[in-house]
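In the numbering used here, the protein residues as written are 160 to 341.
C-beta: ideal position from N, C-alpha, C; glycine also.
For reference, the structure discussed in these notes is given below.
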């Protein structure tokens with residue numbers, strides 16, 4: 160607890176635990192005053208102020224708790240974002256190829272039924288074709304090998320899984336890689 164004397168009062172800085180203890184003491188004291196009405200321990204004017212002091216302490220405690228919750232949420236936000244991203248993304252290395260998958264809703268944009276060209280269904284530029292296939296809550300797979308900086312980048316045409324099962328990503332990626340190597 161820190162105190163600072165001022166011309167018209169005393170400024171007190173309390174920790175959360177000290178504030179809770181003071182609030183409990185103030186409530187207990189106010190209850191004791193209510194039960195001992197016949198004893199004039201405090202002048203009437205001070206009794207009237209007691210309720211305001213308790214209310215001020217309660218508001219102060221609520222503010223401290225709110226600020227602590229906000230600070231904790233700010234500290235944990237990057238972790239929550241990473242967890243959310245990890246739940247919607249999948250990265251793997253298969254036979255020297257980099258495989259990346261995104262969970263979402265996808266629509267086939269290709270005019271050729273044998274060639275699939277998947278696009279995010281909710282992207283503003285996506286205009287699904289008439290009677291195009293739509294897959295909801297599935298993994299869209301992207302496969303590449305090499306690096307663009309070395310001019311040896313190979314990007315394979317990806318595809319979408321049929322379910323949201325993560326195991327299906329590797330099976331589909333291996334099938335696409337095997338078809339490319341033939």
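Exercise for the section: May I ask you to list the residues that DSSP assigns as paired with residue 319? Expected result: 299
Exercise for the section: Can you grab the Cα-Cα spacing for the pair residue 338 / residue 315, in whole Å? Expected result: 10 Å
Handout entry: N- and C-terminal bounds of the beta strand (DSSP E) containing residue 168
Key = Careful: residue 168 lies outside any beta strand (DSSP E) and carries neither H nor E.
Practice task
Using only alpha-carbon positions, find the residue among 275, 280, 170 and 259 that is nearest to residue 328.
Solution key: 259
Handout entry: residue 300 and residue 280 closer than 8 Å at C-beta
Key = no
Practice task
Have a look at the DSSP bridge pairing and note the partners of residue 221.
Solution key: Paired residues: none, contrary to the question.
Exercise for the section: In angstroms with no decimal places, state the Cα-to-Cα distance between residue 256 and residue 230. Expected result: 42 Å
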